[in-house]
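Peer 1: Take a look at the following structure, please.
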Amino acid sequence: CYSGYAQDANAPGDMNQLMRHLLALDLESGKPLWHHELRPRLPEHAYEGEGAYHGYSSSTPVSDGERLYVFFGKSGAYCYDLDGSLLWHTLVGDGIHGWGSAASPVLYKDLLIVNASVECGCLIALNKLTGAEVWRAAGAAAAWDTPLVVDVPEGRQELVLSVEGRLLGFNPDTGEQLWSAEGVHRYVCPSVVAAEGVVYAIGGGHTSLAVRAGGRGDVTATHTLWRENKGSNVSSPVYHQGYLYWASDSGGVIVCQEAATGRTVFQQRLEPEPGLIYASPLLAEGRLYFVSQRRGTYVVAAKPEFELLAHNVFADDESRTNASLAPAGNRLLLRNDRYLYCLKAAP
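Here the working numbering is used: the first residue of the sequence shown is 1336, the next is one more, and so on.
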C-alpha cells in the first residue's frame, strides 16, 4: 500500500511525502506482524486526471513459499524473506507514465519476470535469489498487463504478453521472442489467460481474440483461431470449462464467450447498475465475483446462462475498490483504498 500523498485527487498533497509500504498480517486476526516502509524514487506520475484512476500499489506481490517479491515500478523489484528482511533490490528503469505502473511480477523456475513496459519498454528476468538480470526482451510497448507462462502441447512453456498491436510469445528461459500475432490495436491493460495451449486476449474495449501458442515468427494467419469486436479495457477475463467471462469497464455488462469460436453466449447488464469495474473477476467454487469500484461485489454463476446469485455492499464504507478479490482457504480478502477485509461464510 502507500501513504502520504494521493489520498484525494482534488487535493493530492505533496509528492515528496509519498511512502510505499509492505505489510504482513495474521490471517486469523488481521493483526500486523511486520511492516516495511519504502521511500520511492521520485518523481512518480502525478496523481491527477487519468493518473488518479489508481494509486501507487497496483502491483500484486508474489511468493515462492520462501521469499516474497514486490514490484514498485521505477523504484524497482524487491525481494524479502518471510520475516520482512530485505534480501535484494534491483532497478529496472527510470520511465514513468501518466497512468502509472500496474503489472505484477511472475515467478518461473529460478527467475522473477517483470513487465517493465512503463519503466524501460522491456520484459526483464531477474535471478530470484540475487536480483541479477538474466535476460531482457524489448517490445513491451504500452502494456500494463502481467505476462503469463503458458503450457504448449509439446510439453514446453512459453511466456506470453499482450502489447499494443501484438500478442507476443517468448522463451521464458532466454527471453528470445518466438512468435507474434496481431493483437489489440490500443494500449493493453487486461492480462491474457490460456487453456489447452490457446491464449485468449482482450483489450481496448472492443477486441477479443484467440491464438494457438507454439508457433514461430508471425503466426497471425496460421495460429489465430478467431477475432471479435468485443472486449474490456481494464478488467482481465476468466476461462472456465470452455467459456470466457469478463465485465465491461463502465455500465456493468457481463459477457460470456464460447472459447472455441468467440461466439457471444450472453451479454447481460448487472442490476443495480455497478458503475466502473476495474478489478478482474475471481472464479471460486462455480461462482464469479465481480468487484465494482463503489457499488459492491456482484456474484454470478459461472455457467453459460446468466444468473446473478448475490450483490454485497459494505453499507458504511464508500471507499473506492480497484483490487481483485484474493482467495485464502475458505476466506476472501478484499482491499480497497482504505481497508483490507477478510470475509468468511457464516457458520
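For each residue, glycine too, the CB sits at the ideal point set by N, CA and C.
What residue range does the alpha helix (DSSP H) around residue 1455 cover?
Peer 2: The sequence position of residue 1455 within the sequence shown is 120, counting from 1. From DSSP, the alpha helix (DSSP H) with residue 1455 extends over 1452-1455.
Peer 1: Using a Cβ-Cβ cutoff of less than 7 Å, which residues in the same chain neighbour residue 1592 once the five nearest sequence positions on both sides are dropped?
Peer 2: Here residue 1592 corresponds to residue number 257 of the sequence shown, with the count starting at 1. Cβ within range, chain order: 1543, 1578, 1579, 1598, 1599 and 1600.
Peer 1: Could you give the first and the last residue of the continuous alpha helix (DSSP H) run that contains residue 1555?
Peer 2: The residue labelled residue 1555 in the question sits at position 220 within the sequence shown. Start and end: 1555-1558.
Peer 1: For the region 1513-1560, list the alpha helix (DSSP H) runs that are entirely contained and at least 4 residues long, ordered along the chain.
Peer 2: Here the runs fully enclosed are 1555-1558.
Peer 1: Using the three-state DSSP reduction, which class does residue 1510 fall into: helix, strand or coil?
Peer 2: Position 175 of the sequence shown holds residue 1510. Residue 1510 falls in the coil class under three-state DSSP.
Peer 1: When the Cα of residue 1583 is compared with those of 1406, 1538 and 1552, which residue comes out closest?
Peer 2: Within the sequence shown, the letter at position 248 stands for residue 1583. With distances taken between Cα atoms, residue 1583 lies closest to 1538.
Peer 1: Just to check my reading of the structure: residue 1416 and residue 1402 have Cβ atoms closer than 8 Å, yes? What is that Cβ distance to the nearest angstrom?
Peer 2: Taking the first residue of the sequence shown as 1, we reach residue 1416 at position 81. Taking the first residue of the sequence shown as 1, we reach residue 1402 at position 67. Between residue 1402 and residue 1416 the Cβ distance is about 6 Å, and since that is below 8 Å, they are a contact.
Peer 1: Name the DSSP bridge partner or partners of residue 1607?
Peer 2: Here residue 1607 refers to the residue found at position 272 when the sequence shown is read from its first residue. DSSP lists no partner for residue 1607.
Peer 1: Expressed to the nearest angstrom, what Euclidean distance is found between the alpha-carbon atoms of residue 1526 and residue 1568?
Peer 2: Taking the sequence shown and counting its residues from 1, one reaches residue 1526 at position 191. Taking the sequence shown and counting its residues from 1, one reaches residue 1568 at position 233. Distance between the alpha carbons of residue 1526 and residue 1568 is about 11 Å.
Peer 1: Just tell me which of 1529, 1585 and 1512 has its CA closest to the CA of residue 1540.
Peer 2: The residue you call residue 1540 lines up with position 205 of the sequence shown. Of the candidates 1529, 1585 and 1512, the one whose C-alpha sits nearest the C-alpha of residue 1540 is 1585.
Peer 1: Name the residue from 1476, 1650, 1487 and 1464 whose alpha carbon lies nearest to the alpha carbon of residue 1421.
Peer 2: What you label residue 1421 is simply residue 86 of the sequence shown in a count that begins at 1. For the residues 1476, 1650, 1487 and 1464, the minimum Cα distance to residue 1421 belongs to 1464.
Peer 1: DSSP three-state label for residue 1393, please.
Peer 2: Taking the first residue of the sequence shown as position 1, residue 1393 is located at position 58. Of the three classes helix, strand and coil, the one that applies to residue 1393 here is coil, per DSSP.
Peer 1: With a CB to CB cut of under 6 Å and the five nearest residues on each side skipped, what residues in its chain are close to residue 1590?
Peer 2: For the purposes of this step, residue 1590 is identified with residue 255 of the sequence shown, where counting begins at 1. So the qualifying residues of the chain are 1581 and 1602.
Peer 1: Would you mind stating whether residue 1619 and residue 1633 have Cβ atoms separated by less than 9 Å?
Peer 2: Counted from its first residue, the sequence shown places residue 1619 at position 284. Counted from its first residue, the sequence shown places residue 1633 at position 298. No, they are not a contact pair.
Peer 1: So, is residue 1352 buried or exposed, given that buried needs 16 or more other C-beta atoms within 10 angstroms?
Peer 2: Translated into positions along the sequence shown, residue 1352 becomes position 17. Classification of residue 1352: exposed, given that the 10 Å Cβ count is below 16.
Peer 1: Starting from residue 1367, follow its DSSP beta bridges and name the residues at the other end.
Peer 2: Along the sequence shown, read from residue 1 onward, the residue named residue 1367 stands at position 32. Partner(s): 1360.
Peer 1: Apart from the five residues on each side of it in sequence, which residues of its chain come closer than 8 Å, Cβ to Cβ, to residue 1529?
Peer 2: Within the sequence shown, residue 1529 is the residue found at index 194, counting from 1. Only 1483, 1485, 1486, 1495, 1535, 1548 and 1574 meet the Cβ criterion.
Peer 1: Are the CB atoms of residue 1390 and residue 1433 within a distance shorter than 9 Å?
Peer 2: For this step, residue 1433 is matched to residue 98 along the sequence shown. For this step, residue 1390 is matched to residue 55 along the sequence shown. Result no, Cβ atoms of residue 1433 and residue 1390 do not sit closer than 9 Å.
Peer 1: Provide the residue(s) that pair with residue 1470 in DSSP beta bridges, ordered along the chain.
Peer 2: Translated into positions along the sequence shown, residue 1470 becomes position 135. Per DSSP, 1460.
Peer 1: Check residue 1671 in the structure and name its three-state DSSP category.
Peer 2: If you number the sequence shown from 1, residue 1671 lands on position 336. Here residue 1671 sits in coil by DSSP.
Peer 1: At the level of alpha carbons, what is the spacing between residue 1394 and residue 1518?
Peer 2: By 1-based counting over the sequence shown, the position of residue 1394 is 59. By 1-based counting over the sequence shown, the position of residue 1518 is 183. Whole-angstrom Cα-Cα distance: 23 Å.
Peer 1: Just to confirm the assignment, what range does the beta strand (DSSP E) spanning residue 1589 have?
Peer 2: Translated into positions along the sequence shown, residue 1589 becomes position 254. That run of the beta strand (DSSP E) goes 1588-1593.
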